[in-house]
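First up is the structure itself, then whatever we jot down about it.
In full-length UniProt numbering, the protein residues as written are 1 to 81.
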């Protein structure tokens, strides 16, 4: 067996982590616009960058899920990039 696949429960856990990280990213980006302190803004920007890296890593692992649905044509506007 050349390609390793995740078990169903592992796929579900990673899916839940992706949802959580995406929500955290959206909240950080939203709140960042309300912050006036430059040190806090820099810290929040660092958090955004770490969230983006974490989401990318999780997406790479999630690609090993044995079941995935295609992304629908009418998908929402992405918040990354």
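C-beta atoms are modelled at their ideal positions from N, C-alpha and C, and glycine is treated no differently.
Since we're looking at a predicted model, the values are computed, not measured.
Of all C-beta pairs linking the stretch 33-41 to the stretch 2-19, fewer than three are shorter than 8 Å, placing the two stretches out of contact. A distance of 8 Å or more separates the beta carbons of residue 44 and residue 56.
Ranked by how close their Cα comes to the Cα of residue 80, the residues 15, 13, 48 and 34 have 48 in first place. The Cβ atoms of residue 17 and residue 58 lie closer than 8 Å to each other. DSSP assignment within the stretch 8-41 yields the following whole alpha helix (DSSP H) runs of 4 residues or more, N-terminal first: 8-32.
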